[in-house]
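In terms of full-length UniProt numbering, the sequence shown has 91 at position 91, counting the first letter as 1, and numbering is strictly consecutive. What follows is a set of notes on a single structure, which appears directly below.
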Amino acid sequence: MLHELLADEGILIVRPEGPLSSADFSELATEVGPYIESHGKLKGLMICADAFPGWQNIDGALSHFKFVRDHQRKIAKVAVVSDSDVLALLPRLVSHFIRAEVKHFEGSEEDKALAWIARRGADKSADMRKWLR
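Next comes the structure, spelled out in structure tokens:
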């Protein structure tokens, strides 16, 4: 999985290129951990994928779940950038399990997704959703 930490902006960009492995999440944790320790959190995570790549094996899936569990409280926003119908549903599914605000963007909207993550505060719709819970 390709990834880039935009340290000045506090944004992690990931681009899965094949089935996710435990090594992918070890590498992410190694890069993100020290940043979070020194800054307290990430402003956001941007996931850019044509489709959900699946996992290489059960270790990959478990490492994915562990990474989410260990980091979800330290990431303010997650942008899912994809034209995949399955990934478009992701924000509705994961909003029940993680604290981050999650939003879907079309595959051509990477700049829009980065701008959304960089914007301070949550969108009014997210504030309303939290109030209604």
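Where a beta carbon is used, it is the ideal one built from N, C-alpha and C, also for glycine.
Listed in chain order, the non-local C-beta contacts of G10 below 8 angstroms within the same chain comprise Y35, H39, K41, L42, K43 and G44, local neighbours out to five positions each way being set aside.
Straight across, the Cα-Cα distance linking E27 with L87 is about 23 angstroms. For the set K112, I47 and R15, the Cα lying nearest the Cα of I75 is the one of I47. Assigned with DSSP and collapsed to three states, H3 falls in strand. Counting along the chain, F65 sits inside the alpha helix (DSSP H) bounded by residues I58 to H71. Burial state of I117 is buried, judged by a 10 Å Cβ sphere holding 16 or more other Cβ atoms.
Of all alpha-carbon atoms in R119, E109 and R120, the one lying nearest the alpha-carbon of D50 is that of E109. The stretch 91–101 makes contact with the stretch 57–74; the number of CB pairs closer than 8 angstroms reaches 3 or more.
Out of L2, S95, R120 and T30, the CA that lies nearest to the CA of V14 is found in L2. Look at A79 here: in three-state DSSP terms it is strand. For the options L93, E31, P19 and V94, the alpha carbon positioned closest to that of D59 is the one of P19.
Pairing G54 with S82 gives a Cβ-Cβ distance that is not under 7 angstroms.
Within 10 angstroms of the beta-carbon of L12 lie 16 or more other beta-carbons, which makes it buried.
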